[in-house]
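Chemist:
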């Protein structure tokens, strides 16, 4: 069953299915990431492994009112800490930036973490994408001196950020529809 969460911002957010992988990849590639980023080598097979390769793994898509995928995010358990869920592959298309799409996608991952018993969410910011660090810090993420298990290492050591999740993050979405 696929759940869609509708928000007043006019976008819909739903869990990713295997059929969504081409749209997920298109958002990643259309987000305008620095050409040096490892994202540019990502394949559908890579996404399938990351988003569906194990328990508690998955992702969300943000959809415009016309049904176009305009944002995405993935998550999976950390390899080093069983109480940590990692957030990865957060991307939005340039035309929807500033509308809260990325903030909602991060909130969806935090909700999954809280509902599934994780204590915190951890993410990495690539050295070629440091301009996004203030966005995450504005959401309560703080730098930690830890290794990000899923780093490609292509662009040096990433900045690792973490945030504790609270039961409030687990609240059910009132507008959920199957």
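In the numbering used here, the protein residues as written are 2 to 179. All residues carry an ideal CB built from backbone N, CA and C; glycine is no exception. Note that the structure is a prediction, hence the values are computed from the model and not measured.
Could you give the residue range of the alpha helix (DSSP H) that holds residue 22?
Modeler: 22-31
Chemist: Could you round the C-beta distance between residue 119 and residue 84 to whole angstroms and report it? I think they count as a contact, below 8 Å.
Modeler: 6 Å
Chemist: Alpha carbons only, please: which of 127, 86, 155, 63 is nearest the one belonging to residue 57?
Modeler: 86
Chemist: Buried or exposed: where does residue 121 fall if 16 or more other Cβ atoms within 10 Å of its Cβ makes it buried?
Modeler: The residue is buried, with at least 16 neighbouring Cβ atoms inside 10 Å.
Chemist: Roughly how many angstroms lie between the CA atoms of residue 177 and residue 65, to the nearest whole one?
Modeler: Legend: pLDDT at residue 177 = 37, less than 50; position of this residue unreliable, value from coordinates given subsequently. When rounded, the distance between both Cα atoms is 16 Å.
Chemist: Taking its Cβ as the centre, do 16 or more other Cβ atoms sit within 10 Å of residue 35, making it buried, or is it exposed?
Modeler: exposed
Chemist: State yes or no: is the C-beta of residue 170 within less than 8 Å of the C-beta of residue 103?
Modeler: no
Chemist: Going by other Cβ atoms of all chains shown within 10 Å of its Cβ, with 16 needed for buried, is residue 93 buried or exposed?
Modeler: buried
Chemist: What number of angstroms, rounded off, separates the C-alpha of residue 123 from the C-alpha of residue 78?
Modeler: 9 Å
Chemist: Quick check on residue 132: buried or exposed, where buried means 16 or more other Cβ atoms within 10 Å of its Cβ?
Modeler: It counts as exposed.
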